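Have a look at the structure below before the remarks.
Protein chains: 4
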Amino acid sequence: MIGGGRNAFIGAVHRIAARIDGSAELVAGAFSSDAVRSRASGADLYLDPKRTYGNYEEMARAEARLPAGERLDFVVIVTPNHQHFRPAKLFLGAGFNVICDKPLALNLAEAKALQAIARRTGKVFVLTHNYSGNAMAKQARALVKAGKLGKVRKVIVEYSQGWLATPLEVGGHKQASWRTDPKRSGASGCIGDIGTHAAHLASYVTGLRITELCADLTTFVPGRRLEDDGSILLHFQGGAKGILHASQICIGDECALTLRIWGDKAGLEWQQERPEYLIVKYNDRPAERWRRGQSYLSTGARKLARVPAGCPEGFLEAFGNIYREAFRAIAAEVEGRPPPRDLDHPTIEDGVEGMLFVETVLRSAKHGARWEKMRR
Amino acid sequence: MIGGGRNAFIGAVHRIAARIDGSAELVAGAFSSDAVRSRASGADLYLDPKRTYGNYEEMARAEARLPAGERLDFVVIVTPNHQHFRPAKLFLGAGFNVICDKPLALNLAEAKALQAIARRTGKVFVLTHNYSGNAMAKQARALVKAGKLGKVRKVIVEYSQGWLATPLEVGGHKQASWRTDPKRSGASGCIGDIGTHAAHLASYVTGLRITELCADLTTFVPGRRLEDDGSILLHFQGGAKGILHASQICIGDECALTLRIWGDKAGLEWQQERPEYLIVKYNDRPAERWRRGQSYLSTGARKLARVPAGCPEGFLEAFGNIYREAFRAIAAEVEGRPPPRDLDHPTIEDGVEGMLFVETVLRSAKHGARWEKMRR
Amino acid sequence: MIGGGRNAFIGAVHRIAARIDGSAELVAGAFSSDAVRSRASGADLYLDPKRTYGNYEEMARAEARLPAGERLDFVVIVTPNHQHFRPAKLFLGAGFNVICDKPLALNLAEAKALQAIARRTGKVFVLTHNYSGNAMAKQARALVKAGKLGKVRKVIVEYSQGWLATPLEVGGHKQASWRTDPKRSGASGCIGDIGTHAAHLASYVTGLRITELCADLTTFVPGRRLEDDGSILLHFQGGAKGILHASQICIGDECALTLRIWGDKAGLEWQQERPEYLIVKYNDRPAERWRRGQSYLSTGARKLARVPAGCPEGFLEAFGNIYREAFRAIAAEVEGRPPPRDLDHPTIEDGVEGMLFVETVLRSAKHGARWEKMRR
Amino acid sequence: MIGGGRNAFIGAVHRIAARIDGSAELVAGAFSSDAVRSRASGADLYLDPKRTYGNYEEMARAEARLPAGERLDFVVIVTPNHQHFRPAKLFLGAGFNVICDKPLALNLAEAKALQAIARRTGKVFVLTHNYSGNAMAKQARALVKAGKLGKVRKVIVEYSQGWLATPLEVGGHKQASWRTDPKRSGASGCIGDIGTHAAHLASYVTGLRITELCADLTTFVPGRRLEDDGSILLHFQGGAKGILHASQICIGDECALTLRIWGDKAGLEWQQERPEYLIVKYNDRPAERWRRGQSYLSTGARKLARVPAGCPEGFLEAFGNIYREAFRAIAAEVEGRPPPRDLDHPTIEDGVEGMLFVETVLRSAKHGARWEKMRR
């Protein structure tokens, strides 16, 4: 693991997600760019001090020298955005499989560079757009794919948070500080942080890419250096229209990621904060409430159940589902088998798409919320 | 009553709303442009055949000749959009108070002409943006006004329906036919029909006017002549940003008019389909569920209760609340008193604003969803 | 109308319910046992002073003398419980149809006496168990009847209120005072007031009578003279088991009347405070949310819609539905036709059943919550 | 681990719960009474074959012989009910700490015997009434304890499932088979399986013990040997009244464990299937929706958050919370420290109370649902 030391947030989440099914073990890490802090974090995690490194470069060198059976099978990058590119490049180049937090990089150029390396090395690269790991998001995707909704017409996706409604970064709040700092977060705040999740989810479930967009970004909190709110109109392949709302100033909202899709036959709704339900709606018969863990779900959704319907699974289990797929991919790579045909995890391509989305949004906003094409 | 004959929808709603409190009586009408149908409708309603007229011109003439105590106190116009202007003009001109369904007219020019007449005659003109009659919409407005939300930052308003997801108008469905016919509905379909409700509600509750907008309109149903879906970005006075979604192709949605507002102190949510509740949200304490009929509400919201909390009031009662205020205004006018100072009903000014909204939306859409100012 | 004068609650509700569809007119009343108050109330309601009576005896005499076309078609009794019996008896005896608020009478003996008179005179007698007027309660009944749930196994019905959690009656609160006074309310408080609604609804929807019960009654508010809470186990015909919870001390609850039924094929849920929805649940497919106003409903439920799905109807509309059926029955009686075959309103038999329920509950509670049979 | 081999359900849950925080490791097990199956299960779990035992007696002997640093710190018993007593007795006697699934034993006599042993040995004994591990159940308890609800008056607790609505056991369904078999499940079916969870939760949150009860049990599924439904009236210490509904034939319900409590100041509601919310209700101000992960929660509830509010935690995390407390207790025991003063996990005393509840319920049901005291 790169990053995720003491007081980090997402590193701990990754560790739980990785171990929830008991199929992987944390054996090495460079948990901080501060070597003392990295070692203390390793000790907290009962790691072998010899494999707790002072920095990720040292780790890459040392691990690469280990024999195949002892060496890491994969590395997990959980640092802030500005520290994704270099370790990812280094470890990919050194022949390691990589699991990386989103967004993929600081900007599109970095993202494409990583993509090129990943393609060249053939290593597994998994991007943790964790919400797409929810069983009912997968069920939604399966329903769209099976034509249950008909042709998709309208998509509304929202990721609404309120925690940054005040200038927390001024008080030194760690999570707020790096997210509102252009050097560490990149040129986007809210959109890079959570808007990319929303955009990914919409495309994942509908199977449709965004073709052009019109983005109205706002920085509501005085003194903040990056936008904290965005209202975005979307056009998708095939003529579907969409709205994306992403905000971190919507007081009282926590992680209100919701997706609504209407086709010419039916509509559906999914909410991340009530992840076990999927509402499917019709004009001529009662709406249906589909539920995680039930026998009537698609194969892909059904196999994810760790506990029966009625025993709620949540954020960590969905994150764990991303890891499950990652481990299937990595196991095949390590064992020299071709990857399973039904692999279903976010890839480096999704990461490039995310950075393209961010750059297109920023370009639109810069020109007064003008329509801009996604320039693929 | 003008319009609202057999098979009409909104006329019956107006009649219930007018009589629910037992303070008005229907005494005359021109229920259809077809004299035979008008008379049959009058008979259905137990009206005096002498005051069931063959058309509204005849009615205006005859009623104007009646002595003051017998003459109509007000007229209600419930015809399709293209038949608002002429009867409104005629009755206002003849000295009658007018209650008119929305939108006010076919276009902005008509709306402004009516406004001029109304101002000149000094008669009461009430526009039935009925959703703003809900007690909890009024409570929401009171909370914003009292500063409970702080400065308003973001507004999301939606009116989502699905009943026009298929070409019902082809089969001769009466409600669908006129709403999708430019001659009867005006240059806009969905936006004029329900988008104006959404825009009015947002401005009513926040107390903020829309200053500019960017509208992406779509006609999803093949062959339809007016748009059936709109995604609109909004800018409000004072810097608030907004999103308006109005659609009639969102399968499974009925009258999903919802309003969410976030200020720099709190957020709120109201849903027309669950009209008795108002959710008020904070970052540092539990969200609150306010409820119609309770002692802690504002005076304006509290006085609207016909039945206690827990006995649901709905659409008809909210509509009746518009009529209550209309009757207070009309009673004052008839008795020659100044209007009550706390009158709270949608006016002809709201009607003009609505038509301005429609025209600005259409102009934006025509130019490829470009930003357009509301040219007041 | 008998009762329902100034400051009364339920009288105003009956008046709205009676006029909501425009098919009846209030023409006479004895609104209070205080003649002055009765006349003032009549004036408030714009009644002819000659038909505003000082008491109901006078009213019965005077109205009976009027010629057939002018005389009342029916009388509505909306007094507290202790004043149901005598006016009901008097008007039935004088040949009037009667609509009476629930519970039918002070006790079972009175109820049976009224039933005998009603049978003898053949007049229409409608008891306003208003909740059974909800479209979706009727839909629930239709589903059970059609076998959708299979054989009914378990029934949970609740009517939970909180408004009497403190001794409001001590402060002279009018509604609290008579409901907690054995002379005016009868030997039961909470059970007579709202428990009878719950029991009626359960039997109405399931089509099953209660056969025996075990009732644990409590008076939680110190000094109160009647029970304010009841927990009751139920046995139904055919082996179904049930639980009835009725309480007026459940703080924060308003009119939380809810019904859940499970059969051997499916389950259903209905909530009075969200009356437009009916949830139908299965083990092997998604739960369904049925909705008022939709095309897929049963004939009985569908014909009740005044406004489309999505325009919420509520308490007053449901109450109005009882009146609709009452008017169909009364119209037939007045016109000498046989009653419509599909009449669906609570009758005097339901009233007798309700009083039997109250007496059985009281007997059970008196013997330490012992099982008691409903002695029909 | 004792039990929890291939195809077992609850064993896998315990393993996730134990490892979710990374503070314990599974090192040994007797996963089945069938030695071959036990070893295969151990291999599935990557265990050292030397510590995968053919049966639990062998395991107890072998582990007891290991030196202190290598020996098990605790054992987890996840067998069906009839196999709790003997391994628990054996391991407690051999000086091991024990974590045991509920119900504690086959009957009250066994439970008391275990209690005596646990007291004598002083070892930690944790019973996994997992639902009480939910953060918001703890918050509910904290609110009651702090007097927020005032004196508790009424409690309604339900655990409603539908999966046994048909005779699954006939087809050899593993989970259904042992639960409906008196030899493996004990003299009670539904009540022992899920009713004990409901009773425990009610007492845990209110801090009140049940004093007497009246239980109406039913076996709805023909041929089933144990009851599959129960409706129970409860009396609590201090005069509170209650209702407990537990059923496995409520079609469409999954794990609908819900708790509602009303005091003389406020009411609260918690639902296991929406575990992150707690509704607190008042008569004179808006209801509040408290949420897991928020700053305003009690210390006990707040410290349980693994992920922020809005990232749903669920069943496994709540189960993990029981393990957290168990590990705090066990760590103290192993290190010879006194137990932490704020320990909060279900104990063997809760287990004895649960078996007393089951036996009292059965005695009541046997006498025709007669009131019976809990004979402590």
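Taken in order, these protein sequences are the chains called A, B, C and D. For the first sequence, the numbering used here gives the first residue as 35, with consecutive numbering after it. For the second sequence, the numbering used here gives the first residue as 35, with consecutive numbering after it. For the third sequence, the numbering used here gives the first residue as 35, with consecutive numbering after it. For the fourth sequence, the numbering used here gives the first residue as 35, with consecutive numbering after it. We put the CB at the ideal spot given by N, CA and C, even for glycine. None of these values were measured; they are calculated from a predicted model.
DSSP, read as helix, strand or coil, puts Trp324 of chain D in strand. For the 9 Å CB-CB criterion, Thr113 of chain D and Ile36 of chain D form a contact.
Judged by DSSP secondary structure, Val158 of chain B falls outside any alpha helix (DSSP H); it is assigned neither H nor E. The count of Cβ pairs closer than 8 Å, one atom from the region 307 to 326 of chain C and one from the region 388 to 405 of chain B, stays below three, leaving the stretches out of contact.
Listed by position along chain B, the residues whose Cβ is nearer than 7 Å to that of Cys284 of chain A are Lys188, Trp296, Gly301. For the region 345 to 370 of chain C, the set of residues with a beta-carbon nearer than 8 Å to any beta-carbon of chain B comprises Cys345, Pro346, Glu347, Gly348, Phe349, Leu350, Glu351, in chain order.
For Ala321 of chain C, the neighbours in chain A by C-beta distance under 8 Å run, in chain order, Glu322, Arg323, Arg325. In this structure the region 80 to 90 of chain C lies against the region 52 to 68 of chain C, because at least three pairs of beta carbons, one per stretch, are closer than 8 Å.
Under a criterion of Cβ atoms nearer than 8 Å, no residue of chain D is adjacent to Asp384 of chain B; the nearest Cβ is some 29 Å distant. Of the other Cβ atoms in all chains shown, 16 or more fall within 10 Å of the Cβ of Lys275 of chain C; this residue is therefore buried. Ranking C:Ala51, C:Phe125, C:His269 by CA distance to the CA of Val158 of chain C puts C:Phe125 first. Taking a Cβ-Cβ threshold of 8 Å, none of the residues of chain C is close to Ser332 of chain A; the smallest such distance is about 13 Å. With a threshold of 9 Å between beta carbons, Gly223 of chain C makes no contact with chain D.
In this chain, the alpha helix (DSSP H) harbouring Ser398 of chain C covers 382 to 400. If you look at Gln209 of chain C, you'll find it in the alpha helix (DSSP H) that goes 208 to 213.
Within the region 252 to 283 of chain A, those residues whose Cβ lies closer than 7 Å to any Cβ of chain B are, in chain order, Thr252, Phe254, Asp263, Ser265, Leu267, Lys275, Ile277, His279, Ser281, Ile283. Taking a 10 Å sphere around the C-beta of Leu100 of chain A, we find fewer than 16 other C-beta atoms and assign the residue as exposed. Taking 9 Å as the CB threshold, Asp378 of chain C stays off the interface with chain D.
Residues His279, Ser281, Cys284, Asp287, Ala290 of the same chain have their beta carbon placed closer than 7 Å to that of Ser194 of chain C, with the five preceding and five following residues left out of the count. Arg319 of chain D sits in coil when the DSSP states are folded into three classes, being neither helix nor strand. Using a Cβ-Cβ cut-off of 9 Å, Cys134 of chain D does not count as an interface residue toward chain A, since no Cβ of chain A sits closer than that to its own.
Taking a Cβ-Cβ cut-off of 9 Å, Asn41 of chain A has no neighbours in chain B, whose nearest Cβ is about 21 Å from it.
Shown here, Lys337 of chain A sits in coil according to DSSP, grouped into three states, outside any helix or strand. Gln305 of chain C sits in a strand when the DSSP states are folded into three classes. Between the region 332 to 339 of chain D and the region 163 to 179 of chain D, the count of C-beta pairs closer than 8 Å reaches three or more; the two stretches touch. Chain B has no Cβ within less than 9 Å of the Cβ of Tyr87 of chain A. Spatial neighbours of Gly196 of chain A in its own chain (CB-CB distance under 6 Å, excluding positions within 5 residues in sequence) are listed in chain order as Cys284, Ile285, Gly286, Asp287. A Cβ of chain C is located within less than 9 Å of the beta carbon of Thr200 of chain D. Distances from the alpha-carbon of Phe119 of chain C to those of C:Ala102, C:Thr245, C:Arg105, C:Pro137 put C:Pro137 closest. According to the DSSP secondary-structure assignment, Ala290 of chain C is paired through a beta bridge with C:Ser194. As computed with DSSP, Asn131 of chain D is found in a beta bridge with D:Phe108. Not one beta carbon of chain C lies nearer than 9 Å to the beta carbon of Trp212 of chain D. Here Cys248 of chain B carries a strand assignment [DSSP, helix/strand/coil].
For Lys400 of chain B, the closest alpha carbon among the candidates B:Glu261, B:Tyr330, B:Ile50 is that of B:Glu261. Ranked by Cα distance from Ala128 of chain A, the options A:Ala139, A:Ala145, A:Asp107, A:Gln117 are led by A:Asp107. Taking C-beta atoms as the reference points, Arg258 of chain A and Thr230 of chain A fail to come closer than 9 Å.
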